[in-house]
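A.B. asks: The opening position of the sequence shown corresponds to residue 1 in the numbering used here, with each subsequent residue numbered one higher.
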Amino acid sequence: MGRAVTVATCALNQWALDFEGNLERIFRSIDIAKSKGARYRLGPELEICGYGCSDHYYESDTLLHSFQVLEKLLESPVTQDIICDVGMPVLHRNVRYNCRVIFLNKKILLIRPKISLANAGNYRELRWFTPWSKARHVEEYFLPRIIQEVTGQETVPFGDAVLATKDTCLGAEICEELWAPNSPHIEMGLDGVEIFTNSSGSHHVLRKAHARVDLVNSATAKNGGIYVLANQKGCDGDRLYYDGCAMISMNGETVAQGSQFSLDDVEVLVATLDLEDVRSYRAEISSRNLAASKVNPYPRVKVNFALSCPDDVAVPTCMPIQWRHHSPEEEISLGPACWLWDYLRRSEQAGFLLPLSGGIDSSATACIVYSMCNQVSLAVKNGNAEVLADARRIVNDEAYIPEDPREFCKRVFTTCYMASENSSQDTCNRAKLLAEQIGSYHINLNIDAAVKAVVGIFCVVTGRTPRFSVHGGSSRESLALQNVQARIRMVLAYLFAQLTLWARGMPGGLLVLGSANVDESLRGYLTKYDCSSADINPIGGISKTDLKNFIQYCIENFQLTALRSIMSAPPTAELEPLVDGQVAQTDEADMGMTYAELSIYGKLRKIAKAGPYSMFCKLINMWKEICAPREVASKVKHFFRMYSINRHKMTTLTPSYHAENYSPDDNRFDLRPFLYNTSWSWQFRCIDKQV
């Protein structure tokens, strides 16, 4: 009868505008799918050009090169005898759509445009594409000549339709459509579609994976069916890390799970499933069958092809599995590490330089680099030839094999402790010990001479000598003297990043890593153009609370015992003079708020969309056991004053790995003014009235 269908989905590490590399990875995924017996292959959203092309979607070149890649796919013997479902932008009647192009044996079966566009958070699809608004409507699409010459077709169906093969019916969704309240799979399932496909460009956020998995499983729990999801993976050119998690689900249960984080550029999942299981599951859902009898039918594109074999009674089918989720600490260890590896190999630099202060933030950044080295060593051990080739190119040694993470770390990672007269011996020792344990090439230097020289210029020009507060100076003087130290560290970081390898007789330069966490950025507790100014920042989207938990994870899983003393020490900038040789300055005292409070402010401001008054109203209930309303009002006002005074710093914030939904990233995620009326007079008056 033909009941066991074999389908494949994949997670591909595509790169925006890397048409050559993207084509090669698509070919490889199709080849693997065919070798495992699949008759249908699904790829990620916009996989031909790469999802993150942004304003390059406006360019005719992007459309042209996408069709050129499609031409290569259509004419290749690799794509024969398997339905291929690929993603690319398509211009139809002078309107640009985000599309799936589904083809078989040199014939395009259907071009399916996206119906619901992602336009929140980091997504701006409505800027570049138009949603297809004609439900269950199909038009003729006139193919470009280069495609006509391969397919022999002048026009193909374009619109909201489904595919009817000899043995089943398939319907496509594209990313956001799964998350929409009126997802197409609902009506398609009622109309007899048995296999739903979803090509995604979904990026990593801490604690998000379970939501995606739950949505996929729930899509078929109520209505029955097979759901196949593909996703992009890796860094395709900006702050986001696409986290794979390709999966196949049937009747509400996962049957195949892909990895969330890995260094494999191509990952293919294949599952064989029994269509009769879908039909019998649906048979007893009377409410579904009543609704199905009244549904408005979809246009069907008939396909003279089967996803099953005629005699398949003995073919084994896949059974449900339990999805394994990573803990947030594992996500921090793996996600930013994979993002750093992609950035390093694609930028063609020779490694990273990190100003290592001996505090939690820079130590967490160092641990993420060490985790990257660990992932590289594991990938090479597991036979990943691409990772090995990249590692050899980065270290400039064609015979090199990165077997030991610490040894690889020594080659690609330089840490630098920049002491001043305000630095303690404790932080110096902590930085040195951590560098020894992870294996980085460590530099100790002193910045006092540079600080004195810069301040000396000011003294000569003005005839005035600024002093720290503890020496009788004003807060203005003290802050300026702290900022000079911080900014000189940034200048030295870039100098050493450019010339350290040269001084060691090695080729290449280093990428400078920043280590300001998401809470400090939100509060503006950083010096503009200090060591927070770097090439990239792997922890810029992670809260202090999560970083502390990650440090504990590293102690337990990487045996980095140096982190114990770092965990127990109070966070400090070490920019003010020591008192009796001990650090007197602490971050939380400087900020006037705790890191735990900052996380709450951040979530209320961004996720709950709360201004000063709404935040006050929420917090008087949340904190009623610990704070009187007047104290809550004081805290909220202080936060909004500091946030608005320092918002300008976000315009120059180092590009950071996006991991948290309350990130203040000004580039595209958190769009706000950077010149505020910082008195918030009307808003604060409303709070005062309630107090």
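Even glycine gets a Cβ: it sits at the ideal position worked out from N, Cα and C.
Mapping DSSP to helix, strand and coil, what is F158?
C.D. replies: To locate residue 158, count along the sequence shown from 1; it is residue 158. Three-state result, F158: strand.
A.B. asks: What do you get for I645, buried or exposed, if any count of 16 or more other CB atoms within 10 angstroms of its CB means buried?
C.D. replies: For the purposes of this step, residue 645 is identified with residue 645 of the sequence shown, where counting begins at 1. Exposed, by the Cβ-count rule.
A.B. asks: Go ahead and pull the three-state DSSP assignment for F352.
C.D. replies: Translated into positions along the sequence shown, residue 352 becomes position 352. DSSP places F352 in strand when its eight states are reduced to three.
A.B. asks: So is H210 buried or exposed if we call it buried at 16+ other beta carbons inside 10 Å?
C.D. replies: Numbered from 1 along the sequence shown, position 210 holds the residue referred to as residue 210. The residue is exposed, with fewer than 16 neighbouring Cβ atoms inside 10 Å.
A.B. asks: Would you identify the three-state DSSP class for H325, choosing helix, strand or coil?
C.D. replies: As a working note, residue 325 is residue 325 in the sequence shown. Here H325 sits in coil by DSSP.
A.B. asks: Looking at the structure shown, is S543 part of a helix, part of a strand, or coil, going by DSSP?
C.D. replies: What you label residue 543 is simply residue 543 of the sequence shown in a count that begins at 1. If DSSP states are grouped into helix, strand and coil, S543 belongs with coil.
A.B. asks: Quick one: grab the DSSP three-state call for N549.
C.D. replies: Your numbering for residue 549 matches position 549 in the sequence shown. It is helical.
A.B. asks: Just how far apart, CA to CA, sit L275 and S532?
C.D. replies: Indexing the sequence shown from 1 puts residue 275 at position 275. Indexing the sequence shown from 1 puts residue 532 at position 532. Roughly 55 Å separates the two Cα atoms.
A.B. asks: For Y525 versus D590, is the C-beta distance shorter than 8 Å?
C.D. replies: Position 525 of the sequence shown, counted from the start, is the residue given in the question as residue 525. Position 590 of the sequence shown, counted from the start, is the residue given in the question as residue 590. In this structure, D590 lies closer than 8 Å to Y525 by Cβ.
A.B. asks: Where do the ends of the alpha helix (DSSP H) carrying D61 lie?
C.D. replies: For this step, residue 61 is matched to residue 61 along the sequence shown. That run of the alpha helix (DSSP H) goes 60 to 75.
A.B. asks: Cβ atoms of H442 and G541: under 8 Å apart, would you say?
C.D. replies: Walking along the sequence shown from the start, residue 541 turns up at place 541. Walking along the sequence shown from the start, residue 442 turns up at place 442. Going by C-beta atoms, G541 is not nearer than 8 Å to H442.
A.B. asks: Tell me the DSSP secondary structure of Q232 in three-state form.
C.D. replies: Position 232 of the sequence shown, counted from the first residue, corresponds to residue 232. Strand at Q232.
A.B. asks: Could you compute how far the alpha carbon of T151 sits from the alpha carbon of I108?
C.D. replies: Against the sequence shown, residue 151 aligns to sequence position 151. Against the sequence shown, residue 108 aligns to sequence position 108. Rounded to whole angstroms, T151 to I108 spans 7 Å at the Cα level.
A.B. asks: Helix, strand or coil, according to DSSP, for M593 in the structure here?
C.D. replies: In the sequence shown, residue 593 corresponds to position 593, counting from 1. DSSP places M593 in coil when its eight states are reduced to three.
A.B. asks: Return helix, strand or coil for D666, following the three-state DSSP convention.
C.D. replies: Within the sequence shown, the letter at position 666 stands for residue 666. The answer is coil: DSSP assigns D666 none of H, G, I, E or B.
A.B. asks: Measure the alpha-carbon distance for D312 versus I226 and round it to whole angstroms.
C.D. replies: Within the sequence shown, the letter at position 312 stands for residue 312. Within the sequence shown, the letter at position 226 stands for residue 226. Their Cα atoms are separated by approximately 18 Å.
A.B. asks: Could you give the residue range of the beta strand (DSSP E) that holds A497?
C.D. replies: On the sequence shown, residue 497 is found 497 positions in, with the first residue counted as 1. Note, A497: premise wrong, no beta strand (DSSP E); alpha helix (DSSP H) at 475 to 503.
A.B. asks: On a Cα-Cα basis, can you pick out the residue from L104, E477, G473 that is closest to A306?
C.D. replies: On the sequence shown, residue 306 is found 306 positions in, with the first residue counted as 1. Residue L104 is the option with its Cα nearest to A306.
A.B. asks: Which same chain residues end up closer than 6 Å to N444 when comparing Cβ atoms and leaving out the 5 residues on each side of it in sequence?
C.D. replies: One-based indexing of the sequence shown puts residue 444 at position 444. If we look at N444 and ignore the five residues flanking it on each side, its Cβ neighbours are Y417.
A.B. asks: Compute the distance between the beta-carbons of S116 and A33, then report whether it is under 8 Å.
C.D. replies: Against the sequence shown, residue 116 aligns to sequence position 116. Against the sequence shown, residue 33 aligns to sequence position 33. No; because the gap between Cβ atoms is not below 8 Å, this pair is not in contact.
A.B. asks: In this structure, how does DSSP classify E47 when only helix, strand and coil are distinguished?
C.D. replies: Translated into the one-based positions of the sequence shown, residue 47 becomes position 47. Coil, per DSSP.
A.B. asks: Between which residues of its own chain and V189 is the CB-CB distance below 6 Å, once the five residues before and five after are set aside?
C.D. replies: On the sequence shown, position 189 is the one that residue 189 refers to. Position check: residue 189 holds Gly in this sequence, whereas Val was assumed. Hits under 6 Å: N223, G225.
A.B. asks: On the premise that P538 lies in contact with P336, defined as a C-beta separation below 8 Å, what is that separation, rounded to the nearest angstrom?
C.D. replies: On the sequence shown, residue 336 is found 336 positions in, with the first residue counted as 1. On the sequence shown, residue 538 is found 538 positions in, with the first residue counted as 1. At roughly 4 Å, the Cβ-Cβ gap stays under 8 Å, so P336 and P538 are in contact.
A.B. asks: Quick one: give me the first and last residue of the alpha helix (DSSP H) that T151 is part of.
C.D. replies: By 1-based counting over the sequence shown, the position of residue 151 is 151. Residues 145 to 151.
A.B. asks: According to DSSP, simplified to helix, strand and coil, what is N661?
C.D. replies: Counted from its first residue, the sequence shown places residue 661 at position 661. Coil at N661, not helix or strand.
A.B. asks: State buried or exposed for S327, treating a residue as buried only when at least 16 other CB atoms are found within 10 Å of its CB.
C.D. replies: Locating residue 327 in the sequence shown gives position 327, counting from the first residue. Exposed, since its Cβ has fewer than 16 Cβ neighbours within 10 Å.
A.B. asks: Helix, strand or coil, according to DSSP, for G171 in the structure here?
C.D. replies: Walking along the sequence shown from the start, residue 171 turns up at place 171. In this structure, G171 counts as strand in the three-state DSSP scheme.
A.B. asks: Just verifying my parser: in three-state terms, what is the DSSP assignment at G87?
C.D. replies: For this step, residue 87 is matched to residue 87 along the sequence shown. Residue state, collapsed to three classes: strand.
A.B. asks: Out of I186, T79, E173, which has the shortest C-alpha to C-alpha gap to S218?
C.D. replies: Position 218 of the sequence shown, counting from 1, holds the residue named residue 218. Comparing Cα positions, the closest option is I186.
A.B. asks: Counting only the same chain and skipping the five closest in sequence on each side, list residues whose C-beta sits under 7 Å from that of I488.
C.D. replies: Position 488 of the sequence shown holds residue 488. Excluding positions up to five away in sequence, the list reads I447, A450, V451, V454.
A.B. asks: Per DSSP, which one or two residues make a beta bridge with D243?
C.D. replies: The residue you call residue 243 lines up with position 243 of the sequence shown. For D243, which the question treats as bridged, DSSP gives the partners K233.
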